[in-house]
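These notes concern the structure reproduced below.
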Amino acid sequence: MTKNIVKTALVLLGTGSLLSGCSVEQPDPGCFVQESPHWAVKYDRVEAGRDASGNACDTVAPTAEMLGVYRYIDLDNGTAKLALRPQTLASAGAKDDTTDQSAQTALGDLANDRDAEDFCNAPSFPAARVNVASPANEIVYQYANVRVYSAPAAPGTQMTGELTYTNNGCTSKYVMNAIWPAVGCDPESDSPAENCGPGSGLSPDFAATCITTANCASVYSVSAENCCVPTNQVPSFK
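Those letters in the sequence shown? Residues 47 to 284, by this note's numbering.
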């Protein structure tokens, strides 16, 4: 009998919520992040490569690649973490038995609430790294000032930030802009569905551009070598 009373109370409470839903302001969901290994990130270089002695060098980050993005909550204190795992490190890490997988993933503190511009901020990360062939050929990703756009128009599906990239002693700096999901494309196609437009798998409101790059493909892929990336600085809308 008690069980039935509780069930009835819950049903009535749910009905009341539905009836009053139009007049009650919904609570702010806070910071939402689309968790997936299938983000597409573009890196725009802002500082040319230099070695430890300050000499110019030519090694650069990928133009774009797949990026794993995940949000974790510490249940003990309620704080959030943002994890970033670029495809370059994931691929090379499979052959690296000298670096633990945790060292190949950037993990930083993430704000619980959006700022005035609807961004959720993760200002600092430890460097993520992997050794290729030997410790002398180390690839390092140092992310900073990462901001996840979490407005209702794009809840956790666009992201921007900074990257300092080091490969074999050559360090260069970039602005990164990323969208979810990673969508393959054909830059020569007139079909919007094949060139980052409506029907491609992206939100039709996103301003996205098809570029040719390595390390960018997904289940939506038209071409494993071409990828849709943000056209503008995030938030990138039409």
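Quick reminder that beta carbons are idealized off the backbone N, C-alpha and C, glycines included.
Bounding residues of the alpha helix (DSSP H) (the contiguous stretch that carries residue i)
i, result
"Leu121", "From DSSP, Leu121 is part of no alpha helix (DSSP H); its letter is neither H nor E."
"Leu135", "133-139"
Residues near residue i by beta carbon distance below 7 Å, same chain, minus five either side
i, result
"Ala29", "Lying outside 47 to 284, the shown extent of the chain, residue 29 is not represented and no answer is given."
Environment of residue i [buried if 16+ CB atoms lie within 10 Å]
i, result
"Ala173", "exposed"
"Ser170", "exposed"
"Ser218", "buried"
"Leu156", "buried"
"Ser196", "buried"
Between the CA atoms of residue j and residue i - distance to the nearest angstrom
i, j, result
"Ile257", "Ser246", "14 Å"
"Asn123", "Phe78", "18 Å"
"Gly230", "Cys274", "6 Å"
"Ser148", "Asp236", "43 Å"
"Gln80", "Arg117", "8 Å"
"Ala162", "Ala239", "34 Å"
"Cys242", "Met222", "19 Å"
"Asn214", "Pro276", "29 Å"
"Cys251", "Phe283", "Per the sequence shown, the amino acid found at residue 251 is Asp instead of Cys. Whole-angstrom Cα-Cα distance: 6 Å."
Boundaries (first-last residue) of the beta strand (DSSP E) holding residue i
i, result
"Ala149", "Per DSSP, Ala149 belongs to no beta strand (DSSP E) and is neither H nor E."
"Val79", "First-last for Val79: undefined, no H or E at that position."
"Phe165", "165-170"
"Cys256", "254-258"
"Asn177", "174-178"
"Ser284", "Checking the sequence shown, residue 284 turns out to be Lys, not Ser. Segment: none, Lys284 is in no beta strand (DSSP E) and carries neither H nor E."
"Glu208", "204-213"
"Cys273", "272-276"
"Cys231", "Premise fails: Cys231 is in no beta strand (DSSP E) and is neither H nor E."
Sequence-distant residues of the same chain with beta carbon closer than 6 Å to residue i, five excluded per side
i, result
"Thr212", "Val186"
"Gln150", "Leu135, Gly139, Ala174, Val176"
Beta-carbon spacing of residue i, residue j below 9 Å
i, j, result
"Leu113", "Val87", "yes"
"Pro281", "Gln204", "yes"
"Arg160", "Gly76", "yes"
"Trp85", "Ala254", "no"
"Gly207", "Asn183", "no"
"Ala107", "Leu248", "no"
"Arg193", "Ala152", "no"
"Tyr189", "Leu121", "no"
Nonlocal neighbours in the same chain, by C-beta distance under 8 Å from residue i, ignoring five residues either side
i, result
"Arg96", "Ala102, Cys103, Cys216, Thr217, Ser218"
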